[in-house]
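Everything on this sheet refers to the single structure shown next.
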Amino acid sequence: MNWQEKLTSQMALTEPVHYIVNDPDNLCFEPAIADLIEQAGAVLFSDTDPIALRLCFEEWLDSDECSALLIRVVDEQPSIPYDIECSAKRVDFDISEVIPELDASVLRFLSPKDYEQLQSAVKSYGADKLNRNASLDFVLRHIYKIAPEIIQSETDLVRLLIRKHYLGIEMPLVIEERLIETLQVREQFGRWDFTRIVPDRTEFFAFLQQQWLLHLQRKSQRYEIKESSWPADELVVPFDDQDIKVFVDNLFADGILQAVDFDGLGKDDWEWVGVVADDESRDLLRVRQLLNKLSNQFIVQDDLPLPEDSEQWEEIARELGVLNFLSHSLKGADSYTLNAEIAYLNSKVDDYFETWLQTNFGKLINTPTTRFPKMLHKIPDWLNLKVCKGQKVCLLVMDGMGFQQWNYVKDHIIDIPHVRVEERGVFSWVPTITSIARQALFSGKQPRSFPDSWHITAKEKALWHAFWEDKGLSKTEVEYEVTLEKHKDLESFKDRFHSPKLKVAGFVINYIDKQMHGIEGGMSLLNVAVSKWLELWQFTSKIEALLDSGFEVVITADHGNQEAVGQSWPNEGVKAETKGERVRLYKHTVEYSSDKADVLEWPAKKFGLPPDLYPLVSRGRHAFVQKGKQIVGHGGISLHEVVVPLAIITREHHVKESQL
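Residue numbers (our numbering): 13 to 672.
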């Protein structure tokens with residue numbers, strides 16, 4: 013019996029018993045334990061809302077299934093209704109009993125997916141009881157593969173930092189602080205400000221951007237001192253190192269680093285990827301770079317492994333969004349072939365993602381927020397951390413925005429003076445429709461908590477205010493408005509948040525979704541419409557106005573979008589409660605032909621939806637519309653619909669998001 017089985021053996025998972033599981037170390041989310049719970053058919057409840065718990069408990073009592081209900085708690089005095097608490101059995105999960113050799117306070121900061129690897133390392137290396145610093149060093153070495161003592165040169169250092177930030181390796185702050193501490197004692201790194209560039213992805217890439225221009229000036233033997241913050245007038249990044257060069261190519265192709273105006277390169281120099289040139293030639297260079305990278309991963313499969321966790325899928329969604337965004341500008345003889353290759357890549361990615369999602373969505377719903385939320389309904393609590401530290405926040409929801417459209421939006425933000433843009437991804441709810449996803453986003457709750465309003469959006473304002481009232485804010489400190497695009501002039505827009513009492517604003521822009529449902533001609537025409545609207549609506553000025561008023565702006569979407577082709581749908585004899593282009597929602601199970609591999613019955617009750625819903629969702633490029641009709645829609649489970657942008661926009665002097 014392994015340690016995971018030993019822990020779960022405290023509970024009869026296949027019997028109709030409910031347990032209160034004290035789990036401060038998130039062991040319920042350790043992959044093997046989560047699998048054991050799921051395989052037993054047990055229900056895991058990991059929310060703090062007593063009303064949601066009551067709903068879940070009553071559903072569990074009424075169900076025909078005979079498996080256990082696990083009520084996970086982390087507080088000494090959880091909000092559990094009295095009758096449920098009195099009749100429950102209690103179980104304690106404690107990571108210090110599993111890995112007693114390491115400091116418990118260090119273990120508590122780690123992701124539960126790291127516990128198995130850590131326990132194996134402890135066994136392999138025969139570690140004795142380690143103190144806090146030794147435990148931190150052990151984690152750095154065996155989880156993050158960082159041995160600080162072998163980082164001896166600036167080349168070693170830049171390789172480490174690019175790998176950490178580009179690959180999205182997220183560390184708990186205590187681990188980062190230990191890494192900083194071990195690097196700061198090195199005399200050769202005395203000019204590096206590790207407190208800025210180790211924990212903060214945006215700060216590091218801003219530094220790399222400054223260094224890039226210094227590198228170009230040095231290369232062309234016109235090395236002039238430019239005004240820059242840090243490091244003062246000194247080139248410290250060895251861009252010509254082969255390992256670093258490969259990463260830099262990808263950073264420019266991905267749009268993480270921006271090409272600069274520069275004159276002086278030779279025609280064979282590799283640095284052209286980071287220099288402003290003819291738009292078409294540079295876009296083509298970026299397309300080839302991204303297409304090659306993603307094809308190696310998903311088609312050739314001889315390079316990078318396939319994504320295994322949500323963070324990796326978020327990065328794939330971002331990269332594929334950039335590639336699709338660039339593909340619409342392709343011209344010339346190669347454009348047809350390249351677009352065909354990109355379309356094939358998209359279909360392969362969706363195949364892998366949709367399979368992964370069906371296996372992992374249930375675990376994702378309950379995953380606690382560490383540095384960034386994994387799902388839309390986790391965003392309000394995450395925002396509350398910022399508000400508690402005195403930061404004003406504006407949640408700007410761009411209905412229907414996928415990563416393709418985000419690239420147009422981002423282009424209108426990056427030129428704002430002293431702006432910082434932190435790009436992430438977050439998972440929407442399935443089915444990916446506005447009424448379900450936006451209510452989850454504004455309420456901070458799973459859709460099972462609003463069984464009577466899942467099909468409407470009219471209650472969003474009340475849900476938003478109720479969430480913040482529960483956090484101690486008054487009505488005058490909270491704002492909500494939908495269809496924000498109607499405020500075309502800047503002064504009218506500013507009136508939405510002029511009150512000095514305001515601490516939190518929740519705004520919805522419906523433009524992209526409205527265009528999506530009304531447009532004919534596919535994704536390229538939608539993108540053209542979005543690009544023109546951003547200019548006409550003066551999007552840049554409006555974001556700048558929010559920043560000038562002291563807001564941190566968090567931009568996200570309720571769902572994304574997918575280009576699809578109609579396959580029609582037979583008259584099934586059962587009325588659908590909701591008929592979307594890529595989803596049908598019923599009140600009863602619907603029989604449909606098993607040869608419909610592009611349609612899937614989504615397990616609503618298992619995945620946090622009201623129990624009397626039976627969604628049929630589209631896979632791939634399927635749509636429930638007239639056969640052959642090309643649309644851009646949503647409701648299905650493609651990567652572009654489910655994983656949406658989460659961008660944090662700040663001014664340099666405001667609260668740093670990475671500190672939260």
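A virtual CB, placed ideally from N, CA and C, is assigned to each residue, including glycine.
Exposed unless 16 or more other CB atoms sit within 10 angstroms - verdict on residue i
| i | result |
| --- | --- |
| D273 | exposed |
| A244 | Confidence in A244 is poor, its pLDDT being 46 and thus under 50, which makes the residue's placement unreliable; the coordinate value appears in the next sentence. Flag for A244 reads exposed. |
| K591 | exposed |
| Y137 | exposed |
| C400 | exposed |
| S147 | buried |
| K18 | exposed |
| Q270 | exposed |
| Q309 | buried |
| I63 | exposed |
| A159 | exposed |
| E239 | The predicted position of E239 is uncertain, since its pLDDT is 45 and thus under 50; no value can be drawn from it. |
| E327 | buried |
| V312 | exposed |
| N14 | exposed |
| R330 | buried |
| A345 | exposed |
| E283 | buried |
| K279 | exposed |
| E40 | For the record, residue 40 in the displayed sequence is Cys; it is not Glu. By the 10 Å Cβ count, C40 comes out buried. |
| P211 | buried |
Helix, strand or coil at residue i according to DSSP, with G and I counted as helix
| i | result |
| --- | --- |
| Y235 | With a pLDDT of only 45 at Y235, under the threshold of 50, the placement of this residue in the model should not be trusted; the figure read from the coordinates follows. Coil at Y235, not helix or strand. |
| C406 | strand |
| Q748 | Not covered by the structure: residue 748. The range shown for the chain is 13 to 672. |
| D37 | coil |
| Q642 | strand |
| I660 | strand |
| E320 | coil |
| A244 | For A244, the predicted structure reports a pLDDT of 46, less than 50, and the residue's modelled location is therefore unreliable. A value from the coordinates is still provided. Of the three classes helix, strand and coil, the one that applies to A244 here is coil, per DSSP. |
| M13 | coil |
| G286 | helix |
| H510 | coil |
| G437 | strand |
| E128 | helix |
| K599 | coil |
Residue j beta carbon less than 8 Å from that of residue i
| i | j | result |
| --- | --- | --- |
| D610 | R631 | yes |
| K506 | W549 | no |
| A139 | E113 | yes |
| P380 | W394 | no |
| T552 | P657 | no |
| R144 | D126 | no |
| R432 | T214 | yes |
| I531 | G578 | no |
| D37 | D106 | yes |
| R130 | I163 | Checking the sequence shown, residue 130 turns out to be Leu, not Arg. Not in contact: L130 and I163 (Cβ atoms no closer than 8 Å). |
| G645 | F415 | no |
| L303 | L263 | no |
| R298 | A352 | no |
| V409 | D570 | yes |
| F365 | W418 | no |
| L82 | V55 | yes |
Closest by C-alpha distance to residue i, when choosing among the options
| i | options | result |
| --- | --- | --- |
| R171 | V249, P443, S307 | V249 |
| I256 | F121, H424, Q223 | Q223 |
| G484 | K515, R230, R596 | K515 |
| L357 | I660, C78, R633 | R633 |
| E27 | W480, P211, D76 | D76 |
| H177 | V540, E435, G640 | E435 |
| Y31 | Q309, S58, A44 | S58 |
| H154 | S165, L169, E161, V134 | V134 |
| D362 | G374, G344, G333 | G333 |
| V405 | K157, V312, V210, P392 | P392 |
| D261 | L169, V210, I174 | I174 |
| Y156 | R190, T167, K141, S165 | R190 |
| L369 | V118, I448, L612, L247 | L612 |
| L621 | C98, V186, L82, F462 | F462 |
| K231 | L277, A474, A355 | L277 |
| L169 | R198, V186, E182 | R198 |
Min CB distance residue i to chain C below 8 Å
| i | result |
| --- | --- |
| Y127 | As a matter of chain content, chain C is missing from the structure shown, which is built from one protein chain. |
message: Any contact between the segment 449–458 and the segment 622–629? By contact I mean 3 or more CB pairs, one from each, below 8 Å.
response: Too few Cβ pairs lie closer than 8 Å, so no.
Q.
Does the structure place the segment 554–570 close enough to the segment 417–430 that three or more beta carbon pairs sit under 8 Å?
A. The segment 417–430 is in contact with the segment 554–570.
query = Just checking, does the segment 487–494 make contact with the segment 526–543 on the three C-beta pairs under 8 Å criterion?
reply = As far as the Cβ criterion goes, the segment 487–494 does not touch the segment 526–543, which means the pair count is below three.
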